[in-house]
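Enquirer: The numbering of the sequence shown is this note's numbering, which starts it at 9 and goes up by one.
The beta carbon of each residue, even a glycine, is placed where N, CA and C say it ideally should be.
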Amino acid sequence: MEFVYEANPARVIFGRGARTKVAEELDRLGITRVIVLSTPPQAALAAEFARDIGHRAAIVYPGAAMHTPVEVTEAAMEAVRSLNADGILSAGGGSTTGLGKAIAYRTDLPQLVVPTTFAGSEMTPILGQTEGGVKTTVRSMKVLPETVVYDPDLVMSMPLALAGTSGMNAIAHSVEALYAKDANPVIALMAQESIRALNSALPQLPSMEAWTEALYGAWLAGICLGSVGMALHHKLCHTLGGTFNLDHAGIHAVMLPYTAAYNRAPVSGLYDLMRKVAPKKSLREFGLSEADLEHAADLAVKNPYYNPRPVTRDGVLDLLRAAYDGGRPQ
Ligand code: NAD
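1) Just the C-alpha distance for L210 and G172, rounded to the nearest angstrom, thanks.
2) For P214, count the other beta carbons within 10 Å of its own beta carbon; 16 or more makes it buried, fewer makes it exposed. Which is it?
3) May I ask which residues mark the beginning and end of the beta strand (DSSP E) holding S98?
4) For the segment 76 to 88 against the segment 130 to 150, do three or more pairs of beta-carbon atoms, one drawn from each stretch, fall closer than 8 Å, so that the two count as touching?
5) Buried or exposed: where does H181 fall if 16 or more other Cβ atoms within 10 Å of its Cβ makes it buried?
6) List, from N- to C-terminal side, the alpha helix (DSSP H) runs of 4 residues or more that fit wholly inside the segment 68 to 150.
7) Starting from T47 and walking both ways along the alpha helix (DSSP H), at which residues does that stretch end?
8) Taking a contact to mean a Cβ-Cβ separation below 7 Å, would you say P167 touches L223 in this structure?
9) Could you tell me whether the segment 88 to 104 touches the segment 43 to 55, using the rule of 3 or more Cβ pairs below 8 Å?
10) Pop quiz: L162 and R27 are said to be a contact at Cβ under 8 Å. What is the actual Cβ separation, rounded to whole angstroms?
11) When the Cα atoms are used, what is the spatial distance from S148 to K189?
12) Considering only residues of the segment 238 to 324, which uninterrupted beta strand (DSSP E) runs meet the minimum length of 3 residues and lie entirely inside it, listed in chain order?
13) Any heavy atom of the ligand NAD inside 6 Å of the beta-carbon of P287?
14) Extract the residue ranges of the beta strand (DSSP E) inside the segment 153 to 210, only unbroken runs of 3 or more that lie entirely within it.
15) Given this structure, state the Cα-to-Cα distance separating R272 from A229, to the nearest angstrom.
16) If you draw a straight line from the alpha carbon of L328 to that of I67, how long is it in whole angstroms?
17) Got a sec, what are the start and stop residues for the beta strand (DSSP E) R19 sits in?
18) Between M131, S276 and G323, which has its C-alpha nearest I21's C-alpha?
19) Among L45, L170 and A55, which one has its Cα closest to the Cα of A87?
20) Ends of the alpha helix (DSSP H) at E33?
21) Cβ of S103 within 6 Å of any heavy atom in the ligand NAD?
22) Relative to the C-alpha of G277, which residue among A54, S208, I259 and P70 is closest?
23) Should Y13 go down as buried or exposed, given a rule of 16 or more other Cβ atoms within 10 Å for buried?
24) Using 8 Å as the Cβ pair cut-off and three pairs as the minimum, do the segment 234 to 253 and the segment 312 to 326 touch?
25) If you drop the 5 nearest sequence neighbours on each side, which residues of the same chain put their C-beta closer than 8 Å to that of A196?
26) Hey, quick one: how far does the alpha helix (DSSP H) through A226 stretch, first residue to last?
27) Where R310 and P17 are concerned, what is the direct C-alpha to C-alpha distance, given to the nearest angstrom?
28) Got a sec? Which residues, its chain only, sit under 8 Å from S351 by beta carbon, not counting five neighbours each side?
29) Would T120 and E33 be called neighbours here (beta carbons separated by less than 7 Å)?
30) Could you check the C-alpha separation between A54 and L248 for me, to the nearest Å?
31) Could you check the C-alpha separation between L117 and N177 for me, to the nearest Å?
32) Could you spell out where the alpha helix (DSSP H) holding R27 opens and where it closes?
33) So, are the CB atoms of A299 and V324 less than 7 Å apart?
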């Protein structure tokens with residue numbers, strides 16, 4: 009047994025009603041002037057947080073968008089400067105957390121994140137941003153949030169279709185952590201526990217116990233994503249999502265049974281779960297064409313990367329065709 013294990017420091021507060029601890033947690037971080045971030049549909053939630061944080065000064069910026077466009081970050085930076093903000097409160101999914109990280113990358117301000125999906129970005133030192141249609145990724149401890157408040161009451165507003173795909177997205181982090189190049193026994197424990205929790209909880213939604221268990225699983229999955237390197241599944245979803253502008257979590261959900269089967273056949277449980285919880289169950293339903301699959305296969309082998317099974321164009325094209333048809337992976 010040989011491995012390197014490195015933990016990412018973070019303070020985590022988990023439980024129903026944990027959102028009421030946000031003001032106290034801002035105090036712990038020494039934050040007195042806070043920029044509160046959300047997407048446009050979650051502006052009301054951001055406004056509630058701005059109201060609930062008492063004497064602190066707050067400015068709400070509800071403009072977060074998918075894939076963290078640099079123009080949005082620059083507009084948010086104006087708000088940061090106008091308040092002379094000394095901290096960031098991100099209330100939302102991966103898009104909102106992404107905007108908070110982009111601000112932290114530029115300012116090194118402390119971040120408190122209140123996740124409302126299962127994306128897991130709040131546990132990682134990774135920032136993906138888009139400029140001129142090109143997505144780049146940076147890894148920096150400046151973007152790792154200092155404090156994360158997980159409150160199951162805040163994920164339960166997710167429509168079940170989003171909860172299902174977001175949960176499968178989280179499972180994908182854990183599945184790839186199990187065969188990562190830099191895998192280690194601690195992360196493997198978290199990965200297995202996270203898959204167990206999400207697999208048990210997702211089909212039981214919307215019960216309150218299931219929301220709680222799924223959020224717990226998503227937290228562990230986020231730690232996996234932030235701790236070890238990902239492989240074929242994440243690279244392929246990144247390519248498909250970026251090239252054809254497809255829903256991030258939806259693509260993860262539909263691809264996972266096939267990428268897992270590519271690396272370790274057969275993986276029936278993931279296929280059964282995907283059929284139960286994902287609204288779109290094949291790549292065809294995303295409106296892709298056969299030519300798109302060829303293009304995606306070309307892109308997928310352009311820059312070599314680690315994967316337990318060598319990544320070949322033919323192999324990837326077969327995998328994409330299987331995901332396109334939506335049958336049980338062989
Ligand atoms: P998202 O944040 O884009 O949210 C999807 C939609 O759901 C948005 O319209 C949002 O307003 C809404 N929403 C979120 N929570 C809700 C709730 N509780 N109730 C009702 N509506 C809600 O989606 P996501 O899947 O969480 O995040 C995807 C983005 O995060 C992608 O850009 C992806 O690249 C990024 N990401 C980054 C990392 C990382 O480590 N850097 C990890 C995972 C995801």
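Expert: In short:
1) Within the sequence shown, numbered from 1, the residue matching residue 210 stands at position 202. Within the sequence shown, numbered from 1, the residue matching residue 172 stands at position 164. In a straight line, the C-alpha of L210 is about 6 Å away from that of G172.
2) In the sequence shown, counting from the first residue as 1, residue 214 sits at position 206. That one is exposed.
3) One-based indexing of the sequence shown puts residue 98 at position 90. Note, S98: beta strand (DSSP E), G95 to G100.
4) yes
5) For the purposes of this step, residue 181 is taken as the residue at position 173 of the sequence shown. Buried is the call here.
6) 78 to 91 and 102 to 115
7) Stepping through the sequence shown from its first residue, residue 47 is reached at position 39. Unbroken run through T47: none, as it is neither H nor E.
8) Taking the first residue of the sequence shown as position 1, residue 167 is located at position 159. Taking the first residue of the sequence shown as position 1, residue 223 is located at position 215. No, they are not a contact pair.
9) yes
10) Numbered from its first residue, the sequence shown carries residue 162 at position 154. Numbered from its first residue, the sequence shown carries residue 27 at position 19. Rounded, the Cβ-Cβ distance is 6 Å, consistent with contact.
11) For the purposes of this step, residue 148 is taken as residue 140 along the sequence shown, with counting starting at 1. For the purposes of this step, residue 189 is taken as residue 181 along the sequence shown, with counting starting at 1. Those two C-alpha atoms are separated by around 20 Å.
12) none
13) Along the sequence shown, read from residue 1 onward, the residue named residue 287 stands at position 279. Checking every heavy atom of the ligand NAD against the Cβ of P287, none is found closer than 6 Å.
14) 155 to 158
15) Taking the first residue of the sequence shown as position 1, residue 272 is located at position 264. Taking the first residue of the sequence shown as position 1, residue 229 is located at position 221. Each residue's alpha carbon lies about 20 Å from the other.
16) Residue mapping note: residue 328 aligns to position 320 of the sequence shown, counting from 1. Residue mapping note: residue 67 aligns to position 59 of the sequence shown, counting from 1. Approximately 45 Å, taken between the alpha carbons.
17) What you label residue 19 is simply residue 11 of the sequence shown in a count that begins at 1. Note, R19: beta strand (DSSP E), R19 to F22.
18) For the purposes of this step, residue 21 is taken as residue 13 along the sequence shown, with counting starting at 1. The shortest Cα separation from I21 among M131, S276 and G323 belongs to M131.
19) Locating residue 87 in the sequence shown gives position 79, where the first residue counts as 1. Considering only alpha carbons, the answer is L45.
20) In the sequence shown, residue 33 corresponds to position 25, counting from 1. Here the alpha helix (DSSP H) through E33 covers V30 to R36.
21) What you label residue 103 is simply residue 95 of the sequence shown in a count that begins at 1. At least one heavy atom of the ligand NAD is nearer than 6 Å to the Cβ of S103, so yes.
22) As a first step, residue 277 is located in the sequence shown; it is residue number 269 there, counting from the start. Nearest C-alpha to G277: S208.
23) As a working mapping, residue 13 is identified with position 5 in the sequence shown. Exposed, by the Cβ-count rule.
24) yes
25) Residue mapping note: residue 196 aligns to position 188 of the sequence shown, counting from 1. Counting only Cβ-Cβ distances below 8 Å, and skipping sequence neighbours, we find A185 and L186.
26) Within the sequence shown, residue 226 is the residue found at index 218, counting from 1. Taken as a continuous stretch (DSSP letters only), the alpha helix (DSSP H) holding A226 covers M216 to S235.
27) One-based indexing of the sequence shown puts residue 310 at position 302. One-based indexing of the sequence shown puts residue 17 at position 9. First, the amino acid is wrong: residue 310 is Lys here, not Arg. Cα to Cα, the separation comes out at about 34 Å.
28) It is not possible to answer for residue 351, since the shown part of the chain is limited to 9 through 338.
29) If you number the sequence shown from 1, residue 120 lands on position 112. If you number the sequence shown from 1, residue 33 lands on position 25. According to the sequence provided, residue 120 is Leu. The question's Thr does not apply to it. Yes, they are a contact pair.
30) Working through the sequence shown from its first residue, we reach residue 54 at position 46. Working through the sequence shown from its first residue, we reach residue 248 at position 240. Looking at the two C-alpha atoms, the distance is approximately 31 Å.
31) What you label residue 117 is simply residue 109 of the sequence shown in a count that begins at 1. What you label residue 177 is simply residue 169 of the sequence shown in a count that begins at 1. If you take the alpha carbons of L117 and N177, they lie about 28 Å apart.
32) Here residue 27 refers to the residue found at position 19 of the sequence shown. Per DSSP, R27 belongs to no alpha helix (DSSP H) and is neither H nor E.
33) Residue numbering aside, residue 299 sits at position 291 when the sequence shown is read from its first letter. Residue numbering aside, residue 324 sits at position 316 when the sequence shown is read from its first letter. No, the pair does not count as a contact, with Cβ atoms beyond the cut-off.
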